[in-house]
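One structure is given below, encoded as structure tokens.
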Amino acid sequence: MISYTPTSFSQGRMDFTWEELSEEERARAYADWEAGKGLIGGDPRKRPNAHLLPAWGLNLPFFRTLALDDARGANGAALRDLLASDRPLEIEIGFGRGDFLLDRARRHPDRLFLGYETKTKATRLMLARIQRYLLTHNSAPDRTEIDALLRSCNLWVSDDDARFSLPRLIDDGRVEMIHVLFPDPWWKREHKVKRLFSPPFVDLLAAKLRPGGLLHFKSDVHEYGELVRYLVEGHPAFTPHDPNLAARIGEAAPTHREYWCQLHDKPVWAYYFMRK
Ligand SMILES: C[S@@+](CC[C@H](N)C(=O)[O-])C[C@H]1O[C@@H](n2cnc3c(N)ncnc32)[C@H](O)[C@@H]1O
Numbered sequence: 046m047i048s049y050t051p052t053s054f055s056q057g058r059m060d061f062t063w064e065e066l067s068e069e070e071r072a073r074a075y076a077d078w079e080a081g082k083g084l085i086g087g088d089p090r091k092r093p094n095a096h097l098l099p100a101w102g103l104n105l106p107f108f109r110t111l112a113l114d115d116a117r118g119a120n121g122a123a124l125r126d127l128l129a130s131d132r133p134l135e136i137e138i139g140f141g142r143g144d145f146l147l148d149r150a151r152r153h154p155d156r157l158f159l160g161y162e163t164k165t166k167a168t169r170l171m172l173a174r175i176q177r178y179l180l181t182h183n184s185a186p187d188r189t190e191i192d193a194l195l196r197s198c199n200l201w202v203s204d205d206d207a208r209f210s211l212p213r214l215i216d217d218g219r220v221e222m223i224h225v226l227f228p229d230p231w232w233k234r235e236h237k238v239k240r241l242f243s244p245p246f247v248d249l250l251a252a253k254l255r256p257g258g259l260l261h262f263k264s265d266v267h268e269y270g271e272l273v274r275y276l277v278e279g280h281p282a283f284t285p286h287d288p289n290l291a292a293r294i295g296e297a298a299p300t301h302r303e304y305w306c307q308l309h310d311k312p313v314w315a316y317y318f319m320r321k
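In my numbering, each residue's number is its place in the sequence shown (first place is 1) plus 45.
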């Protein structure tokens with residue numbers, strides 16, 4: 046079982062507000078997106094050795110989009126094969142501690158899961174949890190065993206910014222469900238460009254979800270939820286929010302943030318949109 050530890054979450058500022066976007070603001074959002082503005086950690090193409098995996102990620106279910114061809118590890122080949130299979134694919138963006146995703150991958154061994162979390166430390170901690178809960182092997186597996194092990198693992202994680210990785214790694218129409226749970230609201234005007242939800246981000250979600258696929262969003266900031274509803278419902282590829290779609294997810298573990306909200310009696314807003 047996953048155990049919970051005390052947390053340092055605070056409610057943060059709740060004065061998040063938004064207004065309908067003008068044409069000019071929409072155009073700016075696309076221009077910023079094209080220029081790679083707001084990517085967490087900057088443009089990964091400019092990082093030294095971007096084509097290499099870190100030593101700690103070699104031969105584990107870890108990936109970086111620019112390092113898929115790093116031949117020192119079996120990572121890239123195994124992930125490519127898994128993505129090319131017809132296993133239903135679910136993606137979580139910003140998994141944090143990973144409670145929701147790990148639970149989901151254990152409940153649904155037939156599905157493939159990818160998790161993005163730009164905090165490298167949190168990604169490494171998640172990798173350790175995956176090793177503990179999902180991988181079992183001899184102490185010194187050989188290359189064939191590593192290959193088999195990686196191909197049998199249904200949960201892979203990355204510290205890439207999902208906005209950079211998804212367009213480059215995932216075929217259009219490949220994804221069954223995308224989970225975005227308690228993303229940072231980035232309420233300050235100067236930080237807005239880091240906020241996940243924007244018109245080009247919704248285009249990206251629409252492109253990657255298969256027809257009938259599900260977008261699952263939760264937040265404890267109601268205004269952020271309403272911004273997401275405005276952006277997604279205004280997109281021609283999505284149906285309006287329908288709480289009945291929650292049944293497609295079924296029983297699931299709360300994220301760390303959601304657990305904190307439950308503990309402190311804070312309300313949470315959930316939204317479910319279907320890709321037409
Ligand atoms: C407020 S935390 C919530 C974590 C977790 N979902 C939960 O509910 O406990 C949001 C997380 O999203 C991650 N994040 C923000 N933007 C991201 C992006 N573009 N790609 C991947 N992760 C991102 C942040 O590093 C942060 O850990």
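Glycine included, each C-beta is placed from N, C-alpha and C at the ideal position.
Keep in mind the model is a prediction, meaning the values are calculated, not measured.
Secondary-structure assignment with DSSP links I138 through a beta bridge to Y161, V225. Excluding its 5 nearest sequence neighbours in each direction, G118 has C-beta neighbours in its own chain below 7 Å: L98, L103, N104, listed in chain order.
As summarised for the region 242 to 288, the continuous beta strand (DSSP E) elements at least 3 residues long and confined to that stretch are 254 to 264, given in chain order. It is roughly 7 Å from the alpha-carbon of N120 to the alpha-carbon of F107. The shortest C-alpha to C-alpha distance from L179 to any of R196, L127, A292 is the one to R196. Judged by their CB atoms, P245 and Y269 are not nearer to each other than the 8 Å cut-off. When distances are taken from the beta-carbon of Y161 to the heavy atoms of ligand 1, the shortest one is below 7 Å. Residue state for W314 is assigned as strand, using DSSP reduced to three classes. Out of P288, G218, L276, S264, the CA that lies nearest to the CA of G258 is found in G218. In this structure, F242 has its beta carbon at no less than 7 Å from each heavy atom of ligand 1. Collapsing the DSSP output to three states places W78 in a helix. DSSP places S130 in no beta strand (DSSP E); its state is neither H nor E. Looking only at F227, T163, V266, A282, the smallest Cα-Cα distance to K253 is reached by A282.
By the 16-neighbour rule on beta-carbons within 10 angstroms, P312 is exposed. Between D144 and H301, the C-beta gap is smaller than 8 Å, which places the two residues in contact.
The beta-bridge partner set that DSSP reports for R208 is empty. The straight-line gap separating the alpha-carbon atoms of Y316 and R174 is approximately 28 Å.
Secondary structure at S203: strand, using DSSP grouped into helix, strand and coil. When DSSP reads this structure, M319 sits in a beta bridge with L259. Straight-line spacing of the CA atoms in E65 and R274 works out to 11 Å.
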